[in-house]
Amino acid sequence: MPFLARTKILLTLLGVALMSGGVFLWVRDSDEASEAQFRNSQALYAEVPATASSTADALATSTANMPVPILVYHIVRPAYPTDSRAVTALAHTPQVFDAEMKYLGDAGYRVTTFVALEAHLRDGAPLPANPVIISFDDGWSDQFTYAFPILEKYHYPATFFVFTNPIGHHGFLSWNDLRVMLAAGMTIGSHTRSHPFLTKITDPARLWDEIDGSKVTLERNLGIAVNEFAYPFGQYDPAIIRLVEKAGYQAARGDALSRNAAAPTLSQLYMLGALNAPTTTAAFMLRFPQR
Ligand SMILES: [Zn+2]
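When we follow my numbering, the leftmost residue of the sequence shown carries the number 31, and every step to the right adds one.
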């Protein structure tokens, strides 16, 4: 083979290796973690329709009529040019996240917790005026790196719903991250073991393990009671709600697109609706008008 042709092939192979992540052996640990998270998040959110959050945004322009809006954040980190549409629709830069947190306080909202909401719905305990609950899903390590310091800066409590299988793996929160956040007043909730579509699981033992086993694992490793649950992809049905209650959770959160398939007699505490946090401050301000 002529030298030039061989060189061209080698250069092409090198380019493919660079693009496919072959160089990550040489990068710093934090970049490696980010890359792992990037790959993980593309895979997890591939199942989420890219239009999900924009459709939800169109359906409800303001939270003015919601008694207690529950915000859901997923990814808080600098953007990658290669982020998929599904990821971009769920991702906040640290700057936007900080601006949204600052705006909430400036606009007259008071950040409260699921525990306060539970006491309110069960016993009529008073809530602060203009309450809002902040939650995070899926346990990405960026939530510790970027979002947690901003929450601390504003003295806001938040609940982190983690699924237990990837805890401690590259790109995900570690047990130590969870302990540090707990010590700072954050709450840890369960988001199952493997983040499945619960409504598609036909094996009762597996379903129970996703709901109850994840709770037990979190409680044993963290030495706390885990009282809140978030349904992966916001999917649930009456049978799943009964299992969540049976496992001892005090409340469970769906999402903006949750199927409201539950019988009306079941406690609304196990069908809490939520909204994906708008990814621009302009949209966020429309959702949360000045109080
Ligand atoms: Zn999730």
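For each residue, glycine too, the CB sits at the ideal point set by N, CA and C.
Nearest to I180 by alpha-carbon distance, out of M131, T142, S224 and H200, is M131. Distances from the CB of P262 to the heavy atoms of ligand 1 include at least one below 7 angstroms. A235 counts as exposed, since fewer than 16 other beta carbons sit within 10 angstroms of its beta carbon. A distance below 8 angstroms between beta-carbons, with the five flanking residues on each side excluded, links T309 to the following residues of its chain, in chain order: S83, T118, A119, L120, A121, H122 and V126.
Taking 4 residues as the shortest admissible run, the stretch 211-283 contains the following complete alpha helix (DSSP H) segments, listed from N- to C-terminal end: 234-238, 244-252 and 268-276. Two segments are said to touch when three or more pairs of C-beta atoms, one from each, lie closer than 8 angstroms; by this definition the stretch 194-211 does not touch the stretch 158-166. Set against 7 angstroms, the gap from the CB of D168 to the closest heavy atom of ligand 1 is smaller.
Looking only at L101, T232 and V141, the smallest Cα-Cα distance to H185 is reached by V141.
Look at P179 here: in three-state DSSP terms it is helix. By the neighbour-count criterion, in which a residue is buried when 16 or more other Cβ atoms sit within 10 angstroms of its Cβ, D207 is buried. Pairing V102 with D233 gives a Cβ-Cβ distance that is not under 8 angstroms. Under the three-state reduction of DSSP, L120 is assigned to coil, being neither helix nor strand. The alpha-carbon separation between E148 and V246 amounts to approximately 21 angstroms.
The residues R223, in chain order, have a CB closer than 8 angstroms to that of D239 in the same chain once the five nearest residues on each side in sequence are set aside. In this structure, the CA atom of Y139 is about 12 angstroms from the CA atom of M315.
Taking all protein chains shown into account, P156 has fewer than 16 neighbouring C-beta atoms within 10 Å of its C-beta and is therefore exposed.
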